[in-house]
Each structure stands twice: as structure tokens, then as C-alpha cells.
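Residue numbers (our numbering): 5 to 250. We treat Cβ as the ideally placed atom computed from N, Cα and C, and that holds for glycine. Notes follow once the structure below has been shown.
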């Protein structure tokens, strides 16, 4: 009896060392999610491997192929497919990444006031930071600069021909908006406005003046922050207006 007791005694190793080679699920239970690597967390989402690989090996392969977790989260649905990742696993990855974006987002709801470009950035950054191409949209506001509705305008490299005033102001007039904030993203990660950004802004500001719908600001959202064209002096009026300030 004494011999069996000694044989069954666990080795004297710390919890971290003992779990180093364990499966992600056991490490999660023992150490919590913060102790797990990106590959281990991803393996828990995938649950099992495929094509002769375990779940952890498959996760490492996906991360290496994409260039990291952020790049994988930005991947198009078709790019998530790989040997061992069929439609069900790809759907699980898409859902997990979208849940993360929604948790991180502080999205504005209709009726919420927009007090500055930082509000616009917080609203759009989690959604647009991973977009592979430029997306241009307008936030329609009432007379007190409260959000009425968000309107997608165009997708692709921002040019005056792509962003036509009628596509911007038709929904604004239909919704009875008193003002609007323009916004688009820079997939490069640099929020510095381009010459085309300024040209489009100037054209839309002039159109808004004719139609009685004020363009309050144009906010460029990027991985490394945001830029307000009003704060940069590209819009008429004082820089300390309702949509200014960080």
C-alpha cells in the first residue's frame, strides 16, 4: 500500500511548469486566459485540428501564414480557409473576431451627441481598422449634433469621382439632417489626410453650404490614430466647434 502511494504522488513541479506541455483547455482552467498564447486561444476556438494536425499546430500555422493575430483578424473569409480549416472552422473564426471587435467598440447609438472627432474615432476604429480598402461614410446629425443615422457612401480609393455629393446629401436631406460628419479610413495605418482627402472635403463642404446641410468635420480613421480636417484648418469655421477636440 505504501509503495502505491509513493508511485501515485505527483512530481514536485510548479503549476506553470507542470502545465507547460498540457493542452490549452487544461492551461485555461488552471492559469486563466491571460496566460495563454495567441495560438492556444485560437486552438480553443478551432477546437480540433485537421489534415493530420492538432488544433494547436493548426493555429500556429494560421498565425504564421497570416503574419500574426491582427493580420488574421483582418483576413477576408476566403483567406481563412486552409487545409484543416473548412467552412465550420472559418465561420467560428469570423464570429470570434467579430465578437472581439464589438466588445472593443464604443459605438454611438441614435440620439448620442458627437462632441469631437475622438467620438467618431471610437465609434468607427474597431470596425474600420482592419478594412483592406478605404470605406467612406457619413454620420447624419440633428441640429444639436446628435447622431441620426450612419450612411455608407462608397468603398475604394477616395476620389472626387467616387464620392459624389448626391450620394452624400440625398440621404441627409431625406432624413432631415441639419449637419453631418464625413469619415473614412486609411488602410495604411497613417491618418494623415491626403491631397485627395482635402479635395473631396472642400467639394462636399461647398455642396453642403448650397443645400443647407453643414459639414461639421471630416475624420480620417487609421490604425495609428485619427485626423480631423477641421482641426487641421481644412474646413471653414472655428476649430473649436461642436465636432472638435480630442
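Quick one, are the C-beta atoms of residue 173 and residue 158 less than 8 Å apart? No, these two residues do not count as a Cβ contact at 8 Å.
For residue 159, the three-state DSSP class (helix, strand or coil): Taken through DSSP and simplified to helix, strand or coil, residue 159 comes out as strand.
The ligand ADP and residue 213: does any heavy atom of the ligand fall closer than 7 Å to the residue's C-beta? Here there are no bound small molecules, and the ligand ADP is not part of this structure.
Expressed to the nearest angstrom, what Euclidean distance is found between the alpha-carbon atoms of residue 243 and residue 132? Model confidence at residue 243 stands at a pLDDT of 48, short of 50, so the residue's coordinates are unreliable and nothing is read from them.
Proximal residues to residue 161 (C-beta, below 7 Å), its chain only, five neighbours per side dropped: For residue 161, where only same-chain residues beyond five positions count, the Cβ hits under 7 Å are 138.
Using the beta-carbon count (16 or more within 10 Å), is residue 218 buried or exposed? Taking every protein chain shown into account, the CB of residue 218 has 16 or more other CB atoms within 10 angstroms, so this residue is buried.
Along the chain, where does the beta strand (DSSP E) containing residue 229 start, and where does it finish? Taken as a continuous stretch (DSSP letters only), the beta strand (DSSP E) holding residue 229 covers 229-232.
Quick check: what's the CA-CA separation for residue 226 versus residue 233? Roughly 14 Å separates the two Cα atoms.
Measuring only the C-alpha atoms, how far is residue 95 from residue 88? Approximately 13 Å, taken between the alpha carbons.
Between the CA atoms of residue 107 and residue 29 - distance to the nearest angstrom: Taking the Cα positions, residue 29 is about 23 Å away from residue 107.
Can you name the residues that DSSP bridges to residue 62? The secondary-structure analysis by DSSP pairs residue 62 with nothing; it has no beta-bridge partner.
What runs of the beta strand (DSSP E), each 3 residues or longer, lie entirely inside the stretch 94-172? The DSSP assignment places complete beta strand (DSSP E) segments of no fewer than 3 residues inside the stretch 94-172 at 139-145 and 151-159, in order along the chain.
Select from 220, 33 and 101 the residue whose C-alpha is nearest the C-alpha of residue 130. A check of alpha carbon separations from residue 130 across 220, 33 and 101 identifies 101 as the nearest.
The beta strand (DSSP E) spanning residue 204 covers which residue range? Taken as a continuous stretch (DSSP letters only), residue 204 belongs to no beta strand (DSSP E), being part of the alpha helix (DSSP H) at 199-215.
Assign residue 174 to one of three DSSP states: helix, strand, or coil. In the structure shown, residue 174 falls within a helical segment according to DSSP collapsed to helix, strand and coil.
Within its chain, find whatever has a CB closer than 7 Å to the CB of residue 123; leave out the 5 residues flanking it on each side and keep chain order. For residue 123, where only same-chain residues beyond five positions count, the Cβ hits under 7 Å are 112.
Mind checking residue 213: buried by the 16 CB within 10 Å criterion, or exposed? Per the 10 Å Cβ criterion, exposed.
Quick one, are the C-beta atoms of residue 187 and residue 143 less than 8 Å apart? Yes, the Cβ-Cβ distance between residue 187 and residue 143 is below 8 Å.
Between the C-alpha atoms of residue 93 and residue 84, what's the straight-line distance to the nearest angstrom? Taking the straight line from one Cα to the other gives about 9 Å.
If you measure between the beta carbons of residue 145 and residue 184, is that distance less than 8 Å? Less than 8 Å separates the beta-carbon of residue 145 from that of residue 184.
Compute the beta-carbon to beta-carbon distance between residue 228 and residue 195, rounded to the nearest angstrom, for a pair I have assumed lies under 8 Å. With 8 Å as the limit, residue 228 and residue 195 qualify as a contact, their Cβ atoms being about 6 Å apart.
Assuming residue 62 and residue 42 form a contact by the criterion Cβ under 8 Å, report the distance between their Cβ atoms to the nearest whole angstrom. Not quite, the Cβ-Cβ distance comes to about 13 Å (not below 8 Å), so this is no contact.
Run through DSSP, which three-state label would residue 184 get? It is a strand residue.
Just verifying my parser: in three-state terms, what is the DSSP assignment at residue 51? Secondary structure of residue 51 (DSSP, three-state): coil.
8 Å contact criterion, which residue 166 and residue 205 should meet: CB distance rounded: Rounded to whole angstroms, the Cβ separation of residue 166 and residue 205 is 14 Å, and the two are not in contact under 8 Å.
Buried or exposed: residue 99, going by 16 or more other Cβ atoms within 10 Å of its Cβ? Per the 10 Å Cβ criterion, exposed.
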